[in-house]
Amino acid sequence: MSDPCVLTLTLNPALDLTTRIARLEPQVKLPAERPRVDPGGGGVNVARMITRLGGLPVTALVALGGGVGARYRRHLVQEGLAHEVFPIAGETRETWQFMVREAPPGTLYRIVLPGPEWGADEAASLLAIVRRRLAEDPPAWLVLSGSLPAGLDPDFYGRIVRICRRAAPATRIALDTRGAALVAGLKAGVDLVKPDRHEVCDLARALGAGEGTLLTLARRIVAQGCTRVFVYTLGADGAVVVTAEDAWRWRPPMVEVHSLVGAGDHFLGALIRRRLAGDDWRVASRFAMAAAAATAETPGTTPPDPVRIRELAGLVEEADPAVGSCE
1 MSDPCVLTLT LNPALDLTTR IARLEPQVKL PAERPRVDPG GGGVNVARMI
51 TRLGGLPVTA LVALGGGVGA RYRRHLVQEG LAHEVFPIAG ETRETWQFMV
101 REAPPGTLYR IVLPGPEWGA DEAASLLAIV RRRLAEDPPA WLVLSGSLPA
151 GLDPDFYGRI VRICRRAAPA TRIALDTRGA ALVAGLKAGV DLVKPDRHEV
201 CDLARALGAG EGTLLTLARR IVAQGCTRVF VYTLGADGAV VVTAEDAWRW
251 RPPMVEVHSL VGAGDHFLGA LIRRRLAGDD WRVASRFAMA AAAATAETPG
301 TTPPDPVRIR ELAGLVEEAD PAVGSCE
């Protein structure tokens, strides 16, 4: 078996249960449809998107525990996703998502349960596994995506970045998380980061990038050497891709929105997949914007059909990247 071109890491996954109810009303029983169940979490969703597009091997390293973790793994097997389980003592969490028929299209209520707390031994074991895996089978890309579990230091992703730079210096690193973990990971130096518009402002303050438009701040962070490529999402206004040389904004086509959950993860997966296929950042990011739009019209967090992505790619519009600022 060939070495993975992409290795994703998901430390705080969740089993996503999505259902539909007629309305929200307190203190009454609300009949719901049979729930749709998807294995969730940033790195896993990235791997699912790459697998759906086909043509390149990808492996998802995912931390799982308890009965929910066992159910989660069964779904990975059913999907045919190449994966490696890092066993933990705690119970993998669930998220409950409700679509309401009487609400505007695309409205989704999400209840995110807390994940398990990691111990020091689990953290050390995970780092050892990652170090060995990177040294023995260095991937083209390492994707660090999703929140960190309770019990881990905010610099945990930063430690993995530094391990990767020593063990597999040719491996590119993508980071998609939030808060202190995002700041610490960027300070370690990555190749691609994907925050949302609100996180750009927080990052700029934490990294001393000053004030200005989102585009100006992103360019300053790239110039600081924290990342080679800075992608920030703008919701319905699309996404902006910033490199040292250029910047683009892609605006998604209008689609019937079912759920936006997983759209950002699938954007990242499609972006990396097209880069590995030889596309430049401009072409790859346009395709990724189409993948995010196709995800929005797909139930649950199922990766969209590649045929539909290609259809929508022709409808993605380029727009002025100089939009938005920190208030």
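In my numbering, the protein residues as written are 1 to 327.
Just so it is clear, CB atoms sit at the ideal spot from N, CA and C, and this is done for glycine as well.
Just so it is clear, the structure is predicted and the values come from calculations on it, not from any experiment.
Delimiting residues of the beta strand (DSSP E) encompassing residue i
i	result
V85	83-87
V231	229-233
P39	36-40
V62	58-64
Range covered by the alpha helix (DSSP H) that runs through residue i
i	result
A223	214-223
D202	197-207
E311	306-313
As assigned by DSSP and simplified to three states, the class of residue i
i	result
V261	coil
A188	helix
P252	coil
A288	helix
W118	coil
T8	strand
S145	strand
D237	helix
E136	helix
E318	strand
V28	coil
Buried versus exposed call for residue i [16 or more other C-beta atoms within 10 Å across all chains shown]
i	result
K29	exposed
R299	Reading the sequence as shown, one finds Pro at residue 299 and not Arg. Exposed: under 16 other Cβ atoms inside 10 Å.
E199	buried
Y109	exposed
D176	buried
P252	buried
I111	exposed
E102	exposed
L11	buried
Beta-carbon contacts of residue i that lie in its chain and below 6 Å, excluding the five residues immediately before and after
i	result
P39	Y72, H75, L76
D155	A184
Close Cβ partners of residue i (< 7 Å) along its chain, the five nearest in sequence each way excluded
i	result
E94	A14, L15, L17, V68, L113
L271	A284, S285, A288
G324	R197, T213, L214, L234
Close beta carbons around residue i, own chain, < 8 Å, minus the five adjacent residues each side
i	result
G80	T51
A168	L134, A135, P138, P139, L142
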